[in-house]
Structure formats: structure tokens, C-alpha cells
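Chemist:
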Amino acid sequence: MTPNADGTLSLVQNKDNPLTALRAEQAKAKGLAPPSDPSRFTSVKDPTEPFRFSFPDLDGKLISNTDPKFAGKVVMVAIGGSWCPNCHDETPFLVELYKKYKARGLEIVELSFEEEAQLKNPVRVRSFIKKYGVEYTVLLPGEPKELNDKVPQGVNLNSFPTSFFLGRDGRVRSTHAGFAGKASGKAHEEQTAEITALVERLLAEKPASTAARRH
63 MTPNADGTLS LVQNKDNPLT ALRAEQAKAK GLAPPSDPSR FTSVKDPTEP
113 FRFSFPDLDG KLISNTDPKF AGKVVMVAIG GSWCPNCHDE TPFLVELYKK
163 YKARGLEIVE LSFEEEAQLK NPVRVRSFIK KYGVEYTVLL PGEPKELNDK
213 VPQGVNLNSF PTSFFLGRDG RVRSTHAGFA GKASGKAHEE QTAEITALVE
263 RLLAEKPAST AARRH
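When the sequence shown is numbered by our numbering, its final residue is 277 and no position is left out of the sequence of numbers.
(1) Might you give, ordered along the chain, the residues of its own chain that have their beta carbon closer than 7 Å to the beta carbon of Ile-125, omitting 5 neighbours on each side?
(2) Less than 8 Å between CB atoms is the rule here; does Ala-239 satisfy it with respect to chain B?
(3) Look up Asp-121 in the DSSP assignment and say whether it is helix, strand or coil.
(4) Under 8 Å Cβ to Cβ from Gly-195, same chain only, skipping five residues before and after it: list those, please.
(5) In whole angstroms, what separates the C-alpha of Lys-268 from that of Ala-179?
(6) Would Gly-143 and Phe-113 be called neighbours here (beta carbons separated by less than 8 Å)?
(7) Applying the criterion that 16 or more other CB atoms from any shown protein chain within 10 Å of the CB defines a buried residue, is Gly-232 buried or exposed?
(8) Report the option in Gly-247, Glu-169, Trp-145 whose CA atom is closest to the CA atom of Arg-186.
(9) Below 7 Å CB to CB, which residues in the same chain sit around Ala-242 once its five sequence neighbours on both sides are set aside?
(10) Does Val-196 come out as helix, strand or coil in the three-state DSSP assignment?
(11) Within the segment 156-242, note down every full beta strand (DSSP E) run reaching 3 residues or more, in order along the chain.
(12) Output the distance between the C-alpha atoms of Tyr-160 and Thr-64, rounded to the nearest integer angstrom.
(13) Terminal residues of the continuous alpha helix (DSSP H) containing Ala-133?
(14) Which two residues bound the contiguous alpha helix (DSSP H) that contains Ala-259?
(15) Would DSSP call Pro-154 helix, strand or coil?
(16) Return the residue from the list Leu-265, Asn-210, Ala-245, Pro-203 that minimises the CA-CA distance to Phe-227.
(17) Give the DSSP-derived three-state secondary structure of Pro-97 in the structure shown.
(18) Would you list the one or two residues that DSSP bridges to Ser-144?
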């Protein structure tokens with residue numbers, strides 16, 4: 063991240079994609095469209111299908127959406143990575159959310175996309191988990207550049223973090239791209255309140271019948 067003389071920021075994501083960040087007034091002056099609604103930015107190809115995942119955890123054990131621990135649960139699938147600054151902002155919130163609602167049927171699955179060295183020996187990921195006291199499931203699907211290959215059900219899926227919220231039937235009920243950290247003030251408060259309310263609404267729904275659950 064490099065500040066420029068005109069007040070913009072030059073960013074490079076994973077040594078690959080050059081980006082430019084502008085202040086709201088600069089973007090407006092240039093006639094650029096306002097930021098997308100984070101709750102509408104990403105979607106899924108077929109919302110009637112269960113959201114599927116099947117990836118190894120840090121010990122190499124394969125964890126899938128069809129595992130018994132997720133049956134009839136509300137599941138938040140959080141896509142991120144230990145290299146991602148906004149994921150560091152988001153994780154303390156997820157940790158508290160999980161502690162508060164786990165007993166009522168919430169599960170959180172972190173799909174942590176990491177570079178090749180971390181996939182082979184996830185030292186930094188383990189430190190990340192220890193630092194924030196993560197108790198929910200963390201899986202290693204692949205490298206960041208493989209995001210769309212590993213999560214093919216996603217549409218316009220290109221933000222770290224992005225979260226998919228699954229109802230008790232395993233289907234995607236809502237999505238959210240990005241995360242407003244505490245430094246964003248009101249935006250952080252509004253977003254965390256919105257996500258908390260969504261989780262409570264999903265938890266309040268009755269579990270689906272066995273026949274209608276994940277396939």
C-alpha cells in the first residue's frame with residue numbers, strides 16, 4: 063500500500079493485482095459509481111442448491127458440508143486468509159459471534175486461502191488461530207488465486223473476506239463481501255449489528271426435515 067501525491071492509494075493484492083483506492087469525494091468527482099452494496103455484491107448460481115465444501119483442516123482431515131456436525135445447523139462460511147488485513151479485523155467478531163450462538167446451533171467454517179508454503183506447513187495460520195482464540199472450524203482449500211475454482215457456486219466472488227450465510231437446510235440465505243473494521247466506526251457498528259440480527263433470524267427458523275437437508 064503506497065500513498066500517492068493526489069491522495070489516492072496504490073495497492074497490490076498478493077503481488078498480482080494492482081489496485082487504486084480513492085476517497086469518496088475523489089471517486090464522485092471522477093464520475094465513478096458508488097461502492098456496491100456488500101450484501102448484494104456476491105451471490106450464488108443456484109440458491110436452491112445446498113452450499114457445498116469439502117476441504118482439509120490443518121491436520122489434513124477432510125471436512126465436508128455433509129458431516130453430521132453441520133446437519134440442521136445455521137452455518138456461516140467465512141472466506142479469508144491469514145494474510146488478509148480485513149480478515150484480522152473480522153476474526154475477533156466471528157470469535158465472539160461463535161461463543162454467543164454456538165449453543166443455539168451456529169457453526170462457523172473459515173475457508174482460509176493461503177499461499178503454497180502455508181498450505182504445506184500452516185505455521186502462520188496456527189499462529190492466527192492462537193492469537194484470536196479461534197474455536198470454530200478452519201479449512202485450507204487452496205491458494206487465493208484458486209478461489210473461484212474451489213468455490214464454483216459463487217457469483218462475483220472476488221473479495222477477502224466474503225461470508226455466505228446458510229440456513230438450517232444448508233442453502234445460502236445471504237452473503238456479505240468485505241468487513242468494516244472497528245476503525246470505520248459507525249459502519250462497523252451497523253455491519254456487526256446487521257450480521258448478528260441475520261444470524262438470530264436464521265437460528266429462529268425450525269430445522270428442515272431430514273429429507274431436505276444437505277446432499
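Ideal placement from N, C-alpha and C gives every residue a C-beta, glycine not left out.
Modeler: Here's the rundown:
(1) Phe-117, Asp-119, Thr-199, Leu-201
(2) In the structure shown, chain B does not exist; there is a single protein chain.
(3) coil
(4) Val-157
(5) 43 Å
(6) no
(7) buried
(8) Trp-145
(9) Ala-249, His-250, Gln-253
(10) coil
(11) 168-174, 199-201, 224-228, 234-239
(12) 36 Å
(13) From DSSP, Ala-133 is part of no alpha helix (DSSP H); its letter is neither H nor E.
(14) 248-266
(15) helix
(16) Leu-265
(17) Any reading at Pro-97 must be qualified, since the residue scores a pLDDT of 47, below 50, and its modelled position is unreliable; the value itself is stated next. In this structure, Pro-97 counts as coil in the three-state DSSP scheme.
(18) DSSP lists no partner for Ser-144.
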